[in-house]
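Q:
In the UniProt record's numbering, the protein residues as written are 1 to 74.
If you want it as structure tokens, here you go:
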């Protein structure tokens, strides 16, 4: 088994759309991948990344909270 590639399709202010994002659970870090991880594990990891700062991660953005709220309402 290989780690998944994760691509956002809707703008959210945290990750670029239509671009593979870099997370420890994604295809950017196959050395970290554990085949026993489930969809639940992946979703919890993504939820954990949403409020953090990007720190230069591939595919990440750093919109203000106000900008994110505007995107969420669209």
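Glycine residues also receive a C-beta, built at the ideal position from the N, C-alpha and C atoms.
Would you call residue 38 buried or exposed, if buried means 16 or more other Cβ atoms sit within 10 Å of its Cβ?
A: The count along the chain shown starts at 1 and reaches residue 38 at position 38. It counts as exposed.
Q: Any contact of the segment 64-71 with the segment 28-37, i.e. 3+ C-beta pairs under 8 Å?
A: no
Q: Can you tell which of 2, 1, 21 has the C-alpha that lies nearest to the C-alpha of residue 8?
A: Taking the chain shown and counting its residues from 1, the one referred to as residue 8 is at position 8. Of the listed residues, the one whose Cα sits closest to residue 8 is 21.
Q: State the DSSP-derived secondary structure class of residue 20, mapped to helix, strand or coil.
A: As a first step, residue 20 must be located in the chain shown, where it is residue number 20. If DSSP states are grouped into helix, strand and coil, residue 20 belongs with the strands.
Q: Distance check for residue 35 and residue 51, CA to CA, integer angstroms please.
A: Within the chain shown, numbered from 1, the residue matching residue 51 stands at position 51. Within the chain shown, numbered from 1, the residue matching residue 35 stands at position 35. Approximately 26 Å, taken between the alpha carbons.
Q: Would the beta-carbon of residue 44 fall within 8 Å of that of residue 14?
A: As a working mapping, residue 44 is identified with position 44 in the chain shown. As a working mapping, residue 14 is identified with position 14 in the chain shown. No. Outside cutoff.
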